[in-house]
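Each residue of the sequence shown is one higher than the last, beginning at 35 in the working numbering.
Backbone N, C-alpha and C fix where the C-beta goes; we use that ideal spot for every residue, glycine too.
Just below is one structure, and these are the notes that go with it.
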Amino acid sequence: GCNPLAETGRSKLQNQRAVLNQQILRAVRMRAGAENLLRATTNNKVREQVLLELSFVNSDLQILKEELEGLNISVEVYQNTEETFSIPLVPLGLKETKEVDFTLPLKDFILEHYSEDSSEYEDEIADLMDLRQACRTPSRDEAGIEMLISYFLQLGYVENRFFPPTRHMGVLFTWYDSFTGVPVCQRNLLLEKASILFNIGALYTQIGTRCNRQTQAGLENAVDAFQRAAGVLSYLKETFTHTPSYDMSPAMLNVLVKMMLAQAQECVFEQIGLPGIRNEFFTLVKMTQEVAKVGEVYMLVNTAMNQEPVKENIPYSWSKLAQIKSDHYKALAHYFIATILCDHELQSGDDEDEQEKALSQLYDHMPEGLLVLTVLKDKVQRKQLGKAHLRKAVVYHEEALRVCGLCKKLRNIDVLQEVLAAAHKRSLLKYAQQETEDDFLSLIQAPDILPKTEHKIEAIAPQFSKVKVKDFFHRLGPLTVFSAKQRWTAPRTIPIHHEAGELGFSLKGGSPAQIYCLDPVCSAASMGLKEGDYVVSVGGVDCKWLGATEVLEKLNSLGEQPIEIEVISCQDTAASVHSKSATYSVGMQKTYSLICLAMEEDKIDQTKKAPLKLPFLSWGTKNRQKAASTLCLPSAVAGSAQTKKKLSPFTLLSTESSLY
Numbered sequence: 035g036c037n038p039l040a041e042t043g044r045s046k047l048q049n050q051r052a053v054l055n056q057q058i059l060r061a062v063r064m065r066a067g068a069e070n071l072l073r074a075t076t077n078n079k080v081r082e083q084v085l086l087e088l089s090f091v092n093s094d095l096q097i098l099k100e101e102l103e104g105l106n107i108s109v110e111v112y113q114n115t116e117e118t119f120s121i122p123l124v125p126l127g128l129k130e131t132k133e134v135d136f137t138l139p140l141k142d143f144i145l146e147h148y149s150e151d152s153s154e155y156e157d158e159i160a161d162l163m164d165l166r167q168a169c170r171t172p173s174r175d176e177a178g179i180e181m182l183i184s185y186f187l188q189l190g191y192v193e194n195r196f197f198p199p200t201r202h203m204g205v206l207f208t209w210y211d212s213f214t215g216v217p218v219c220q221r222n223l224l225l226e227k228a229s230i231l232f233n234i235g236a237l238y239t240q241i242g243t244r245c246n247r248q249t250q251a252g253l254e255n256a257v258d259a260f261q262r263a264a265g266v267l268s269y270l271k272e273t274f275t276h277t278p279s280y281d282m283s284p285a286m287l288n289v290l291v292k293m294m295l296a297q298a299q300e301c302v303f304e305q306i307g308l309p310g311i312r313n314e315f316f317t318l319v320k321m322t323q324e325v326a327k328v329g330e331v332y333m334l335v336n337t338a339m340n341q342e343p344v345k346e347n348i349p350y351s352w353s354k355l356a357q358i359k360s361d362h363y364k365a366l367a368h369y370f371i372a373t374i375l376c377d378h379e380l381q382s383g384d385d386e387d388e389q390e391k392a393l394s395q396l397y398d399h400m401p402e403g404l405l406v407l408t409v410l411k412d413k414v415q416r417k418q419l420g421k422a423h424l425r426k427a428v429v430y431h432e433e434a435l436r437v438c439g440l441c442k443k444l445r446n447i448d449v450l451q452e453v454l455a456a457a458h459k460r461s462l463l464k465y466a467q468q469e470t471e472d473d474f475l476s477l478i479q480a481p482d483i484l485p486k487t488e489h490k491i492e493a494i495a496p497q498f499s500k501v502k503v504k505d506f507f508h509r510l511g512p513l514t515v516f517s518a519k520q521r522w523t524a525p526r527t528i529p530i531h532h533e534a535g536e537l538g539f540s541l542k543g544g545s546p547a548q549i550y551c552l553d554p555v556c557s558a559a560s561m562g563l564k565e566g567d568y569v570v571s572v573g574g575v576d577c578k579w580l581g582a583t584e585v586l587e588k589l590n591s592l593g594e595q596p597i598e599i600e601v602i603s604c605q606d607t608a609a610s611v612h613s614k615s616a617t618y619s620v621g622m623q624k625t626y627s628l629i630c631l632a633m634e635e636d637k638i639d640q641t642k643k644a645p646l647k648l649p650f651l652s653w654g655t656k657n658r659q660k661a662a663s664t665l666c667l668p669s670a671v672a673g674s675a676q677t678k679k680k681l682s683p684f685t686l687l688s689t690e691s692s693l694y
């Protein structure tokens, strides 16, 4: 990873984010304590003091939330260092986490479950912790992406090796919400995996915004990065359906995917126009449709951002920037078509049919009383329709400037103000060049433009298989056998003697080799060897990764000499029992997992029969109506009346909520 103390703009932002997260945590704890005191006391004087304190804490939380939003809109830090005249793109900030110590839990599990000397695996545990620490400050390039994917894949091995489905390990993972700063803590590796996936997507967005948008190669890389970011976030949404963090809720991820695809579409338009836009009929028709497509996708993003429950947590400036971009690119579409109508009169050598067909594709319908071919031939109608489009372009430009001026965070982004003002000035200049005496007589309203693109933008699914990862705990043996789900006896030492050149048993299978066709009267059987045992060592040499052929060769190579082998016997795996996932989410009401568990416990008390429960974060179809987002959770446990109440990241803690 990068040097966490490096004085780069991006590292400063991440450090500020970490500080804000801690301040939010302290403020929420203070508010929780004040609320508990308010419920407990009956002294009026104390109640007045507590209510005053609560008002101060709530104000403080609001200020901290606004500061966090300011970090999320600090887009200029992530842009390319080359001077550019383009509207900034929005990256996602990396989720912050606390340090995790795997040492004791993993060493205990190795000793207890695998019956091995855990001190021999200290280097592997240290490598795992070093990799996690490096993932907190990844470099903003492909090496950083590869490192995060490596850790994500390594977590798959760790989960299978050390996290049995029947109980939780003593490892607490804490991750902070990137939008609200509220921490979520779980003894569940799936939270760790989901958060790493989010950071992979976030890092792709930072790579995309860093690309040089003044070159074709830079724009191609930006498009690819945003498509990959959308693919990772979409994979996160589909794979982890009940994440307890607001920034990873299905509704929020859906909006983020739309935003990344919209930014990719914006880069495609810039890529087409990079060599310059020729003032030629068919070129302008193509550019009109492309830029109208960009305006449409940003309009959909803005609509999605203003829907509940996302509206409460998405940065306000992001929503306004999407609205500004939608208006700006719609204005450009009307400007291009006005240029077609005002600057390109139908000449004798022009193909009327082709121009009519191209122009008709821009409209869903023409204004009343106008036909496409008539407009092309009639100079007056052509100019009137062109001026109508210019008027609409000016209206859209003015709306974009108005919204930008109203948003404090966007008002401070100089390049955004410059781009909007230059486009507005160009449309006004074009309008001033036209004759104005018929302005009050023209009642033509410019029709909407149909968006169309020749470059379809889709999310690119993550290709984890391209990153090759070696299991840190490879020495424990093949994962198909030596996993947390399997249970065995402790290794037993069996002395082997050749009897008339025979061992008294055969071996089968790949690694590890398995005892097969055991003679019940042979000496090995009398010493405790059983049919189906796995051979884990021969003569003190580990052979978990050796197949039947290699182990037999080792045994036969010793001739008549006696030798000792170590074997283990597989035990019946206990029925999988759902273990409760303790989710501590400061400042939020009980998460979906705790509420469902409380409901299930109530049912168990009544019926004395426990239904089969699915693991947390992987419930796909159960309670799907409740699962729309963690923001729509019920506010009471089972057995109490549920009251409809708007939920925010800083909702009051209920009396039964756990505070971490």
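Beta-carbon proximity list for residue i, same chain, < 8 Å, skipping 5 on both sides
| i | result |
| --- | --- |
| M561 | I528, P529 |
| L189 | L223, E226, K227, I230 |
| Q468 | C376, K417, G420, K421, L424 |
| Q548 | L541, K542, G566, D567, Y568, V569, A582 |
| K141 | S152, S153, Y155, E156, I159 |
| L145 | D151, S152 |
| L410 | L380, E386, Q389, E390, L393, R416 |
Cβ shell of residue i (< 6 Å), same chain only, five flanking positions each side left out
| i | result |
| --- | --- |
| V453 | I121 |
| H423 | H368, I371, A372, A480 |
| A52 | E130 |
| S268 | V291, A493 |
| D361 | Y430, E433, A434 |
| N255 | C245 |
| V344 | A285, M286, V289 |
| V325 | F303, Y363, L366, A367 |
| Q323 | K486 |
| V331 | A296, Q299 |
Cβ-Cβ distance between residue i and residue j below 9 Å
| i | j | result |
| --- | --- | --- |
| L537 | Y550 | no |
| I599 | W522 | no |
| I374 | M286 | no |
| V570 | P525 | yes |
| V134 | L206 | yes |
| L510 | R195 | yes |
| I179 | L123 | no |
| A298 | I491 | yes |
| L318 | H378 | yes |
| Q389 | K486 | no |
| G215 | L98 | yes |
| L513 | Y148 | no |
| M64 | V84 | no |
| H531 | A495 | no |
| Q250 | L308 | yes |
| R81 | L72 | yes |
| F197 | A518 | yes |
| Y397 | I478 | no |
| M294 | A356 | no |
| Y172 | L128 | The question names Tyr, but residue 172 is Pro in the sequence shown. Yes, the Cβ-Cβ distance between P172 and L128 is below 9 Å. |
Same chain only: Cβ atoms within 7 Å of residue i, ignoring 5 sequence neighbours per side
| i | result |
| --- | --- |
| I183 | I234, F498, V501 |
| K354 | V437, C441, L444 |
Beta-bridge partners of residue i, as assigned by DSSP
| i | result |
| --- | --- |
| T131 | W209 |
| T527 | E600 |
| D576 | S571 |
| S540 | Y550 |
| I483 | Y397 |
| R521 | Q605 |
Nearest-angstrom beta carbon gap, residue j and residue i [assumed within contact, 8 Å]
| i | j | result |
| --- | --- | --- |
| V449 | F119 | 7 Å |
| L462 | V414 | Actually they are not in contact, since the Cβ atoms of L462 and V414 sit about 23 Å apart, beyond 8 Å. |
| A68 | L88 | 5 Å |
| N55 | Y280 | Their Cβ separation, rounded to whole angstroms, is 14 Å, which puts N55 and Y280 out of contact at 8 Å. |
| M333 | W352 | Going by Cβ atoms, the distance from M333 to W352 rounds to 14 Å, so no, they are not a contact pair. |
| F507 | K578 | Actually they are not in contact, since the Cβ atoms of F507 and K578 sit about 12 Å apart, beyond 8 Å. |
Practice problem: Mind listing, in chain order, the continuous alpha helix (DSSP H) runs of no fewer than 4 residues lying wholly within the segment 153 to 238? | Solution: 156 to 169, 176 to 196
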